[in-house]
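Those protein sequences? They're chains A and B, same order as listed. Residue numbers are given in the numbering used here: position 191 of the first sequence equals residue 219, and the series is strictly consecutive. Residue numbers are given in the numbering used here: position 29 of the second sequence equals residue 655, and the series is strictly consecutive. Following: one structure in structure tokens, then a few remarks.
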Amino acid sequence: MSAADDISTILSSGIRLTVPLAFAACGEYLAERAGTMNISLEAMMLGAAFGSVATASATGSATTGLVAGVLIGLLIGFVHGNLAHRLEVNTFVVGLVLNALVLGLTSFLITISSFDSHQVSQVSVPWLRDIPLIGHPLFVERWPVYLLILVIPLTWWLVERSRWGLELRAVGEQPQAADVTGIHVNLRRRQALLWCGALAGLGGAYLAVGEVGSFNQNMTAGRGYIVIAAVIFGAWRLGRTLLGCVLFGLADAMRLALPALGLTLNSQLLVVAPYLLALLAMLVFATRNREPKALGQPFVRGST
Amino acid sequence: MTASSAAVPSGTGRRLLRHLNPGPYGWQTTAATVLALLVALALSSALIAITGGSPAASVQALFQGSMADWTAWTSTLLYMAPLLLVAVGACVSARSGLFNIGQEGQVLIGALAAAWVGLRLAITGPVLLVVMLAAAALAAGAWAGLSSLMYRLRGVNVVVSTMLMTFVAQQVVAYAVNMPWLLQESRVGNAPVSPQSNPLPPSGLLGSFGEYPDLQINGGLILAVVAAVLVAVAITRTPWGFRLTMLGRNPLAAKHAGVRVNALGGAALAISGALAGLAGAVLLASPVGVNRLQPGIAMNIGWDGLLVALVARNRPLAAMPVALLFGVLRSGGGFLAATGVPSFLVDVVKALLVLAFVAPPVVVALVRRRRSSDRTAGSRREATPVAEEAIA
């Protein structure tokens, strides 16, 4: 195998590992800009992965499964939003519990049921797929991948250009001030979590019915946490967050390809890279005021 | 929230109602918690029934695996010890207002340090066990202390950094057991080596106490109970505990009152890490088991111990029965599979239990605040301790 083939293989596996992260990252980015440190992202992805496979098996259509995954993500976002931003239960506690609940529930259900394998269809873009090196990895993919072309600009537009996004950012930076100007702080945070749930659901469902075609126990294996690391690494900017996703996806692909390539790079180092980079980014960016000021803080009217 | 002037009880009725409301942890919270518990149990039973199992048989299996005889009790108590240690640590940091969720990683680091001392230092006799435990506490305390340092120096969110450090710890342990020069087991003949350490020497194992036939009280449990009582006394009966609680309730007021915020907060996080590290050492040196450092040694004890503290609402003494309950679920879970119900059921039950204990007090406090601010209609706002609600 030539070096070009190796690079092409790693690239295509890296892209496939990046796509679920990228979907979820768009959601988590928006939720964090609104002030929710959403650690139930893992639950959203895992629940959606399970739901999509179960639905695809029941209906025989992988696309229906994908939609079901989005709905499950929405449901978990709805539950998180209402517990944390209506009933005022600590958001981290809610996240921990939801993660434990979904992990337990999906493991429970997959043990007693079996599903048929379904996968969404592949799209191959004529002409472009013939570009050497990057043609095949980028332009022969399962079709949901191309939803990213829609989702990324939409997320950017929502946050940076829409009135709703302006209010979201206000809610994430200065909830008390936002409240005084008449913005319903907790409503905006709940809405942000719904967007986050839908996209994390899409990411999880893509992982299940897009790439693998089946579900196994703890399928997402911490991808939700990697996405959180990516948002931190990206210093709460969409572009850099996605760059982080690509970087972490490629690191994962490298780790998988190491034995085949005969390289002796430390695989633990590649696994740990996202978390170390996120910690490093937090240390570096701490003084640059990039973090939404009210991130992770509950909003209670009348308290400061 | 709408300002309502109607629907507010007045006169004698109102005074009577006020009498029936004895503070935020009063009967309303108890009633709501009982209700939530019933809902959680109903949901769990429904899950079993829908998937074709029998709830009664599941309860029986859980009982058989955890409490039916002394052997079952021994296994339950074996799980209870590390859970309680982790939970007591979580209480300390939560009391100081810092929410440490990295116990799973701190457990691993503790086990790593204990394994290194046990296998690489030429210490013999009972001193070894003491040094192992001390090393585990120190290493995991320092590991948690790193998060505190990042918070004090650069303002890095403690929840996020402790969470990320957990994943770092997992890889550190994976690295250690894959490197022959560090802790990987030594090769015997031509047998393939696994990613695990050698077994600990016998002098590095925690003993069992109790002369009753079959019932063994493991040394870790005694350590955990002592830690729980000590921490409970320290929190409720000493000036240190008072300062800690003050810091957790209102950091600014604590600072103005002369509390050394950085030192005290850092110490609280380090103590919580140290106790989780002790749990790691207890897992490693447990009287039953493989006594080798393996990447999966923490077995989610860190995450579960955190849930124990949440259910116990950050009170170390309350954590004892809760840790026992979680130990029951763990050791009974193994017996579930025989009834056709996957053992993962206990994870669902645990998560529902936590919700049933965490949500009611917050909701009751919220409803009360809404009512009182409706009643005063903007003229007087009742100051509510936010920090207390923020964490459970």
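We treat Cβ as the ideally placed atom computed from N, Cα and C, and that holds for glycine.
_Cβ closer than 8 Å: which chain E residues qualify as neighbours of A:Thr139?_
You won't find chain E in this structure, because its protein chains are A and B.
*Quick one: which residues of the segment 109-124 of chain A get their C-beta closer than 8 Å to a C-beta of chain B? List them in chain order.*
Leu111, Leu115, Glu116, Val117, Asn118, Phe120, Val121 and Leu124
*In terms of alpha-carbon separation, which member of B:Ser812, B:Ser670, B:Val665 and B:Arg721 lies closest to B:Val974?*
B:Ser670
*Starting from A:Arg170, follow the beta strand (DSSP E) in both directions and report where the run begins and ends.*
Val168 to Arg170
_Under 9 Å, Cβ to Cβ, is there at least one residue of chain B near A:Met310?_
yes
*Taking the alpha-carbon positions, what's the B:Gln797 to A:Leu45 distance?*
20 Å
*asked:* Rounding to the nearest angstrom, what Cα-Cα distance links A:Val173 and A:Val148 in this structure?
replied: 11 Å
*Per-residue burial, B:Leu734 [other beta carbons within 10 Å of its own, 16 or more giving buried]*: buried
*Taking only beta carbons into account, state which residues of the segment 53-69 of chain A come closer than 9 Å to chain B, listed in chain order.*
Met65 and Ile67
_Residue(s) in a DSSP beta bridge with B:Asn844_ = B:Ser834
*State buried or exposed for B:Gln729, treating a residue as buried only when at least 16 other CB atoms are found within 10 Å of its CB.*
buried
*Please list, in chain order, all residues of the same chain as A:Gly101 whose beta carbon is under 6 Å from its beta carbon, the five residues on each side excluded.*
Met72, Ala76, Gly225, Ala226, Ala228 and Gly229
_Counting only Cβ pairs nearer than 8 Å, list the residues of chain B close to A:Val208._
Chain B residues near A:Val208: none, gap ~14 Å exceeds 8 Å.
_Do B:Val990 and B:Gln654 have their beta-carbon atoms positioned less than 9 Å apart in this structure?_
yes
*Do A:His146 and A:Gly241 come within 9 Å of each other at the CB atom, strictly closer than that value?*
yes
*asked:* Against chain A, does B:Leu594 count as a neighbour if the rule is that its beta carbon must be under 9 Å from one of theirs?
replied: Not covered by the structure: residue 594 of chain B. The range shown for chain B is 627 to 1018.
*How close, in whole Å, do the beta carbons of B:Pro942 and B:Cys717 come, if the pair is a contact with beta carbons under 8 Å?*
5 Å
*Closest to B:Phe700 by CA distance: which of B:Gly736, B:Gly915, B:Thr871 and B:Gly830 is it?*
For clarity, residue 700 of chain B is Thr in the given sequence; the question names Phe instead. Out of B:Gly736, B:Gly915, B:Thr871 and B:Gly830, B:Gly915 has the C-alpha closest to the C-alpha of B:Thr700.
*Whose C-beta lies closer than 7 Å to the C-beta of B:Pro681 among residues of the same chain, with five residues either side of it excluded?*
Ser671, Ile674 and Ala675
*Taking B:Arg875 as the reference, give the member of B:Thr864, B:Val757 and B:Gly891 with the closest Cα.*
B:Gly891
*CA-to-CA distance, B:Ala698 to A:Leu176, given in whole angstroms*: 53 Å
*asked:* So, does the segment 270-278 of chain A touch the segment 802-821 of chain B, judging by three or more C-beta pairs under 8 Å?
replied: no
*Taking Cβ-Cβ distances below 8 Å as the criterion, which residues of the segment 923-938 of chain B are in contact with chain A?*
Trp929, Leu932, Leu933 and Leu936
_Euclidean distance between Cα positions of B:Gly715 and B:Ile897_ = 6 Å
_Is the separation between the beta-carbon of B:Ala907 and that of B:Ala763 shorter than 9 Å?_
yes
*Could you check if B:Lys976 is buried or exposed, using at least 16 other CB atoms within 10 Å of its CB as the buried criterion?*
buried
_Please list, in chain order, the residues of the segment 243-276 of chain A that have any C-beta partner in chain B closer than 8 Å._
Gly250, Tyr253, Ile256, Ala257 and Ile260
*Residues of chain B with a CB under 8 Å from the CB of A:Ala128: which are they?*
Trp929, Leu933, Asp973, Lys976, Ala977 and Val980
_At a CB distance below 7 Å, what residues from the segment 281-292 of chain A approach chain B? Give them in sequence order._
none
_Residue-level contact to chain A via CB, B:Gly649, 9 Å cutoff_ = No answer about B:Gly649 holds up, because its pLDDT of 46 lies below 50 and its placement is not dependable.
*Are the C-beta of B:Arg780 and some C-beta of chain A separated by less than 9 Å?*
yes
*Measure the C-alpha to C-alpha separation of A:Gln202 and B:Thr659 and round it to an integer number of angstroms.*
34 Å
*Is it true that the segment 847-857 of chain B meets the segment 934-953 of chain B, where meeting means three or more beta-carbon pairs spaced less than 8 Å apart?*
yes
*What first and last residue would you give for the beta strand (DSSP E) that runs through A:Gln150?*
Gln150 to Ser152
*Roughly how many whole angstroms lie between the Cα atoms of A:Glu70 and B:Ala850?*
32 Å
*Report yes or no: is there a C-beta of chain B within less than 9 Å of the C-beta of A:Pro320?*
no
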